[in-house]
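Below: the structure, in structure tokens.
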Amino acid sequence: MADDYLVRIGKLIRDARQHRGWTQAELAEALGTSQSAVNRIERGNQNISLEMIARIGEALDSEIVSLGYAGPMHLRVVGGRRLSGSIDVKTSKNACVALLCASLLNSGRTTLRRVARIEEVYRILEVLGSIGVRARWINGGSDLELVPPARLDLDSMDTEAARRTRSVIMFLGPLLHRTDRFRLPYAGGCDLGTRTVQPHMTALRHFGLEVTATEGTYHARVDRGVSPGRPIVLTERGDTVTENALLAAARYDGVTVIRNASSNYMVQDLCFFLEQLGVKVQGIGTTTLTVHGVPQIDRDVDYAPSEDPVEAMSLVAAAVITESELTIRRVPVEFMEIELAVLEEMGLDHERGVEYAANNGRTRLVDLTVRPSKLRAPIDKIHPMPFPGLNIDNVPFFAAIAATAQGSSLVHDWVYDNRAIYLTDLNRLGAGVKLLDPHRLLVEGPTRWRAAEMMCPPALRPAVVVLLAMMAAEGTSVLRNVYVINRGYEDLAERLNSVGAQIEIFRDI
Numbered sequence: 017m018a019d020d021y022l023v024r025i026g027k028l029i030r031d032a033r034q035h036r037g038w039t040q041a042e043l044a045e046a047l048g049t050s051q052s053a054v055n056r057i058e059r060g061n062q063n064i065s066l067e068m069i070a071r072i073g074e075a076l077d078s079e080i081v082s083l084g085y086a087g088p089m090h091l092r093v094v095g096g097r098r099l100s101g102s103i104d105v106k107t108s109k110n111a112c113v114a115l116l117c118a119s120l121l122n123s124g125r126t127t128l129r130r131v132a133r134i135e136e137v138y139r140i141l142e143v144l145g146s147i148g149v150r151a152r153w154i155n156g157g158s159d160l161e162l163v164p165p166a167r168l169d170l171d172s173m174d175t176e177a178a179r180r181t182r183s184v185i186m187f188l189g190p191l192l193h194r195t196d197r198f199r200l201p202y203a204g205g206c207d208l209g210t211r212t213v214q215p216h217m218t219a220l221r222h223f224g225l226e227v228t229a230t231e232g233t234y235h236a237r238v239d240r241g242v243s244p245g246r247p248i249v250l251t252e253r254g255d256t257v258t259e260n261a262l263l264a265a266a267r268y269d270g271v272t273v274i275r276n277a278s279s280n281y282m283v284q285d286l287c288f289f290l291e292q293l294g295v296k297v298q299g300i301g302t303t304t305l306t307v308h309g310v311p312q313i314d315r316d317v318d319y320a321p322s323e324d325p326v327e328a329m330s331l332v333a334a335a336v337i338t339e340s341e342l343t344i345r346r347v348p349v350e351f352m353e354i355e356l357a358v359l360e361e362m363g364l365d366h367e368r369g370v371e372y373a374a375n376n377g378r379t380r381l382v383d384l385t386v387r388p389s390k391l392r393a394p395i396d397k398i399h400p401m402p403f404p405g406l407n408i409d410n411v412p413f414f415a416a417i418a419a420t421a422q423g424s425s426l427v428h429d430w431v432y433d434n435r436a437i438y439l440t441d442l443n444r445l446g447a448g449v450k451l452l453d454p455h456r457l458l459v460e461g462p463t464r465w466r467a468a469e470m471m472c473p474p475a476l477r478p479a480v481v482v483l484l485a486m487m488a489a490e491g492t493s494v495l496r497n498v499y500v501i502n503r504g505y506e507d508l509a510e511r512l513n514s515v516g517a518q519i520e521i522f523r524d525i
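For the sequence shown, the working numbering assigns the number 525 to the last residue and increments by one with no breaks.
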């Protein structure tokens, strides 16, 4: 291997390690090697095998190099270009992964329409395939058909795929009806700091689930003599916590009341899907759900999840940051109303079309045209709240939007431990973002964006925010190691190019 390649690989490893927040000693411990060896690798002074590169990538949850994989490795962005035309919003990532987990409730065939072809979905499909579920893409690859085996082979679960997604935690709800004992690996996904799974355990304990943890694995045991004797009050109004409780309640032979439930978009899609399975759910869209479960489900079902409001916000932000006129079609407006109200306060010029129904027949969509606007900082701080408040995943986009506005904006991302820190990467592109504490940012605008070469933040939404800022910056920028973007967005670069962006996908090796 040429010395030049060793140096370049070493730089990629060093940058990925630093973004993970690890020391060389911590990486060495994960690899079972010495700190001096890691130091030599990062300086390009040691030969390194493909096996070692793969091990480092797994340890850092970062795709250092991939073989036989057609997806992007890095993005080269020629910025300063105006977008124009129209672009459709894809189906919801978070709804799709919840529905994949929910398919484990059904002994019949599950067909999901227009499933997002993203890395998060692929990881869940790898896990499902490893335990015996037959999955195939149909209708030209746009739809997904899932057929479960008579008996799941949980001992053969692909633990590496499972560890690369937080969504695997939602296997707890359906699996507790399948077997009395099983194991799940710790959930992974974005590097967003410590997130407790205790609310899941507290909710599912009402169905007899007891979980003990050893290093890297949850060991689950189900006591069939336990059932919900009173309403389940969730200690956290979280989306996945609510979904797990719903999945457990769906096959409980009785009525379950779930209070302090999330009423967010992916939870509603899951409720609509459960109704297709014959489960009656009352209170959809509220914080109290009443579930009339059925002990056995064996139906051939066909369901179309709705569009993704976070992707819709991404595309709105792309238009705002690049000062473009762009029409975003199929926007799930009921999950964007607070965001649009805040943008209106900031001075956004936009137009909404007539509402129409999504393919699930329930969610309200609009076509939204965004025009170049002179924005001003909002008077109040920008902060998320459970639905119907401003969506937690949309907060990072407001950091970049605030950077284009006149004045000082306070962004309070109180949910995640690390995400606000990653948004300071915008400073390398010319923004004035000051980190007040791990959760609060002070953003000064307007910004004269400038091109830069940098590593992709290891969290999905901040990574896309950096990409959008690069699209606004005059000159050529490079965003390296963009696997995390592919976790949540399907063909994002190509789709942005279709409306005037200039983004090239390339790989070093």
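Each residue gets a CB set at the ideal place from its N, CA and C atoms; glycine is no exception. Computed from a predicted model, the values in this text were never measured in an experiment.
- Here GLU371 carries a coil assignment [DSSP, helix/strand/coil].
- Secondary structure of GLU231 (DSSP, three-state): coil.
- Assigned with DSSP and collapsed to three states, ILE57 falls in helix.
- In summary, LYS397 is exposed, with fewer than 16 beta-carbon neighbours lying within 10 Å of its beta-carbon over all protein chains present.
- Counting of Cβ neighbours within 10 angstroms places PHE187 among the buried residues, the total reaching 16 or more.
- A contact between stretches requires three or more CB pairs, one per stretch, nearer than 8 Å, and the region 325-333 meets this requirement with the region 401-421.
- In the structure shown, SER278 falls within a coil segment according to DSSP collapsed to helix, strand and coil.
- For the set GLY95, THR107, ARG130 and VAL149, the Cα lying nearest the Cα of LEU120 is the one of VAL149.
- Sequence-distant Cβ neighbours of ALA265 in its own chain, meaning closer than 6 Å and more than five residues away, are THR272, VAL307 and GLY309.
- Between the alpha carbons of ARG98 and LEU141 lies a distance of about 37 Å.
- Between the C-alpha atoms of ALA419 and GLU460 there is a straight-line separation of about 6 Å.
- In the three-state reduction of the DSSP assignment, THR420 falls in the helix class.
- As a beta-bridge residue in DSSP terms, HIS308 pairs with VAL271 and LYS296.
- Inter-segment contact for the region 390-405 and the region 420-437 is present: three or more beta-carbon pairs are separated by less than 8 Å.
- In this structure, the CA atom of ASP31 is about 10 Å from the CA atom of LEU76.
- Per DSSP, reduced to three states, the secondary structure at LYS450 is strand.
- The residue from LEU364, VAL480 and VAL93 with its alpha-carbon nearest to that of GLY491 is VAL93.
- For HIS428, DSSP records a beta bridge to ARG456.
- When the alpha-carbon of ILE313 is set against those of ARG125, ARG387 and GLU353, the nearest one is in ARG125.
- Annotation for ILE337: the continuous alpha helix (DSSP H) segment containing it runs 325-337.
- Membership of THR258 in the alpha helix (DSSP H) is indicated by the continuous run 255-266.
- Shown here, ALA236 sits in a strand according to DSSP, grouped into three states.
- Non-local beta-carbon contacts of LYS109 in its own chain, meaning distances under 7 Å to residues more than five positions away in sequence, involve ALA132, ILE134, GLU136, ASP324 and GLY504 in chain order.
- Burial is judged here by how many other beta carbons sit within 10 angstroms of a residue's own beta carbon; VAL249 has fewer than 16 and is exposed.
- Bounds of any alpha helix (DSSP H) do not take in GLY491; it lies within the beta strand (DSSP E) bounded by 491-496.
- In the DSSP assignment, HIS90 falls within the beta strand (DSSP E) that extends over 90-95.
- Of the candidates VAL480, TRP153, LEU512 and GLY254, GLY254 places its Cα closest to the Cα of ILE274.
- DSSP places MET217 inside the alpha helix (DSSP H), whose first and last residues are 214-220.
- Check the Cα spacing between LEU451 and each of ASN434, ARG464 and GLU360: the tightest is with ASN434.
- Residue nearest to ARG380 within the set ARG345, PRO388, VAL386 and LEU391 is ARG345 (criterion: CA-CA distance).
- For ALA447, same chain residues with a beta-carbon under 6 Å away, outside a window of 5 residues either side, are ALA419 and THR463 in chain order.
- Remark: C-beta atoms of ARG392 and GLY369 do not approach each other more closely than 7 Å.
- CA-CA distance, MET68 to LEU356, rounds to 47 Å.
- Relative to ASP20, the option among ARG59, ALA46 and ALA44 whose CA is nearest is ARG59.
- Considering only ARG378, GLY96, ASN55 and THR107, the residue with the shortest C-alpha distance to ALA328 is THR107.
- Taking all protein chains shown into account, GLU259 has 16 or more neighbouring C-beta atoms within 10 Å of its C-beta and is therefore buried.
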